[in-house]
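Here the sequence shown stands for residues 20 to 506, numbered as in the numbering used here.
Have a look at the structure below, then the notes.
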Amino acid sequence: MTIGLTVSAACAATGAMAVLVLKSRARIALFRAKHLSLTGHVRLAKRIASLVPYYEYDEHRFFRSDDPPADVARRRREGFLRLAQDFSERFARTRAVTAQIESGVSDLQFTNAYRVPFQYSRFVSSHVGTGSFLKSSSGVTVTDLDGNTFYDVAGSYGANLLGYDFYKECIARGSTLVSGLGPVLGAYHPVVAYNVQRLRAISGLDEVSFHMSGTEAVMQAVRLARYHTGRTHIVRFCGAYHGWSGEVQPGIGNPINPRETYTLEELSEHTLHILRTRRDIACVLVNPLQALHPNSAAPGDSSLVADRGGAQFDRIAYTDWLGRLCAVCSERDIVLVFDEVFVGFRLAPGGAREYFGVQPDLVVYGKTLGGGLPVGVLCGSHTLMRRSRADRPIDVCFARGTFNAHPYVMGAMHEFLRHLESPEIQRLYSRLDEVWNARASGLNRLLAAEGLPVRVANLQSIWTICYTRPSRYNWMLQFYMRPKDWR
20 MTIGLTVSAA CAATGAMAVL VLKSRARIAL FRAKHLSLTG HVRLAKRIAS
70 LVPYYEYDEH RFFRSDDPPA DVARRRREGF LRLAQDFSER FARTRAVTAQ
120 IESGVSDLQF TNAYRVPFQY SRFVSSHVGT GSFLKSSSGV TVTDLDGNTF
170 YDVAGSYGAN LLGYDFYKEC IARGSTLVSG LGPVLGAYHP VVAYNVQRLR
220 AISGLDEVSF HMSGTEAVMQ AVRLARYHTG RTHIVRFCGA YHGWSGEVQP
270 GIGNPINPRE TYTLEELSEH TLHILRTRRD IACVLVNPLQ ALHPNSAAPG
320 DSSLVADRGG AQFDRIAYTD WLGRLCAVCS ERDIVLVFDE VFVGFRLAPG
370 GAREYFGVQP DLVVYGKTLG GGLPVGVLCG SHTLMRRSRA DRPIDVCFAR
420 GTFNAHPYVM GAMHEFLRHL ESPEIQRLYS RLDEVWNARA SGLNRLLAAE
470 GLPVRVANLQ SIWTICYTRP SRYNWMLQFY MRPKDWR
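Pasting the structure below:
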């Protein structure tokens, strides 16, 4: 009996050791598939963020945080004070109205607080705080409450693809189309039939569902992938943005740690190994914008803060990556999701799938597709878009929204999609790479000729700023651009 117990204990210990070895190998494989930056290790980044205490620089240290020579600190201070005077004179009313309502708008408080590194924030906001009100737009320009007109290089977070006048026309004509029905919800206006037809052709997929934002549409894509695969985990890539829902935005900014989300390195063989070997992955989310800056955060305010020197688009390399990623997903029955909320309709008439020659299982659109109004759209195959099971009728995948397919949104979308078919737009698409690459190259030649430590990188009309020299003050560029009529 003693021998039997000993043998049993040995077998149990051996089994436990085998399980431990297998788990250790799996954890090591996951670690190798993560990007080495903190962006690639979202839980660690969140822990570190929780430990960083608040501190700020006084006026003396504000201009000397990198211990520069005295004459450099003096020139910084003189330039900053001239800029502050310019802001005070040119943007007085806009800044005053912004200050008046800021305490009552939490979104405004958050964006203003994190426009610059926190150590500099209070001093900046007290001298060159930016206004957040505009009174009109025209083409690619906007005008503030003081009458200053700016080139809107931000493009309404990517929604402005064809100029503001175009979207005003989409809204006006679309509203006229659906005015007879008005804001009736729960039924569809006839324009939806055209929208569905066009979206099926653009996506190369069978079915469409309408939502009120890109975030909602991505949430639905993830839910459907889990429903049909029976798996729990999703894969997103380091630095990619897929909206602010909890599962796709882990790390800093999310109060919880999503335990069923893998943040992996893009363009990595280790990542492909994870996809080939794990059995718990339901879907992979791809934001094609990452082609411009793989494994880094998207262009935006942060691109004017960080010393981004490595942004560069390599179409051949990224096309090859997407092809290999698609092949592995197909092999392992993992749902491949293209999140084209930002890049959709910028790269080609058929979006990223046409531009890169890779067909995903699900595609998400938003922003510009709404013709100036808020929208999210999910396109997919008949199989993946199905929300119920014929043999188990109570086992459903619920998704619905009160304002989905709102008549006025559908009307503006109809006008946007109709315009995409025009010969004029088709001619623009045929030369996009040639035109925008030439513009970026030309600007970089001018910047180099002037000896400025700034360059641009582009994915067609999507640009980001690169700094050729590191500095703690590169973020100041966004403020110096304002008086030069760039917003």
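Idealized CB from N, CA, C, for every residue including glycine.
At the C-beta level, E284 and M404 stay beyond 7 Å of one another. Contiguous alpha helix (DSSP H) elements confined to the segment 405-477 occur at 426-439, 442-449, 451-468, taking only those with 4 or more residues. With the rule of 3 Cβ pairs closer than 8 Å, the segment 275-284 counts as touching the segment 53-70. Put simply, the segment 363-378 does not touch the segment 409-423. Fewer than three CB pairs are less than 8 Å apart.
Annotation: N423 to G430 spans about 13 Å, alpha carbon to alpha carbon. Shown here for S155: same chain residues with a beta carbon closer than 6 Å to its own, the five before and five after excluded, namely T162 in chain order. Around the beta carbon of H79, fewer than 16 other beta carbons lie within 10 angstroms, which makes this residue exposed.
By the Cβ neighbour-count rule, L341 is buried, with 16 or more other Cβ atoms within 10 Å of its own.
Residue burial is scored here from C-beta neighbours: T251 has fewer than 16 other C-beta atoms within 10 angstroms and is therefore classed as exposed.
In the three-state scheme derived from DSSP, where H, G and I count as helix and E and B as strand, V383 is classed as strand. In the assembly as shown, W263 is an exposed residue. Its beta-carbon has fewer than 16 other beta-carbons within 10 Å. Contact between Q138 and E188 is absent: CB atoms are separated by about 45 Å, not below the 8 Å threshold. Collapsing the DSSP output to three states places T162 in a strand. Look at F82 here: in three-state DSSP terms it is coil, with no helix or strand label. The beta-carbon separation of L102 and Y427, rounded to 42 Å, does not stay under the 8 Å limit for a contact. Counted as a single uninterrupted DSSP element, the beta strand (DSSP E) harbouring F229 occupies residues 226-230. With distances taken between CA atoms, Q119 lies nearest to G150 out of G150, D85, S480. Distances from the alpha-carbon of N477 to those of D452, Q497, L465, R419 put D452 closest. In this structure, the beta-carbon distance from N306 to D358 falls below 7 Å. Remark: C-beta atoms of L381 and V347 do not approach each other more closely than 7 Å. Residue pairing from DSSP places R255 in a beta bridge opposite T282.
Looking at the DSSP output, Y486 shares a beta bridge with V473. Contact annotation: H433 and N214 have beta-carbon atoms nearer than 7 Å. Between G395 and V383 the beta-carbon gap is near 7 Å, inside 8 Å, which marks them as a contact. Secondary structure of V305 (DSSP, three-state): strand. In the DSSP annotation of this structure, the continuous segment of the alpha helix (DSSP H) that includes K65 starts and ends at 61-70. For Y170, the uninterrupted beta strand (DSSP E) run begins and ends at 168-170, by DSSP. In the structure shown, the three-state DSSP call for V143 is helix. Per DSSP, the continuous beta strand (DSSP E) segment holding V354 begins and ends at 354-358. Listed as beta-bridge partners of C398 by DSSP are V227, V382. Here DSSP, grouped into helix, strand and coil, assigns K53 to coil.
Secondary structure of L392 (DSSP, three-state): coil.
S222 is the residue among S222, F99, R114, D105 whose C-alpha sits nearest the C-alpha of G376. Take A212, set aside five residues on each side of it, and no residue of its chain has a beta-carbon closer than 6 Å to its own. By the CB criterion at 7 Å, I253 and V237 fall outside the cutoff. Across the structure, G182 and T117 are spaced so that their CA atoms are roughly 26 Å apart.
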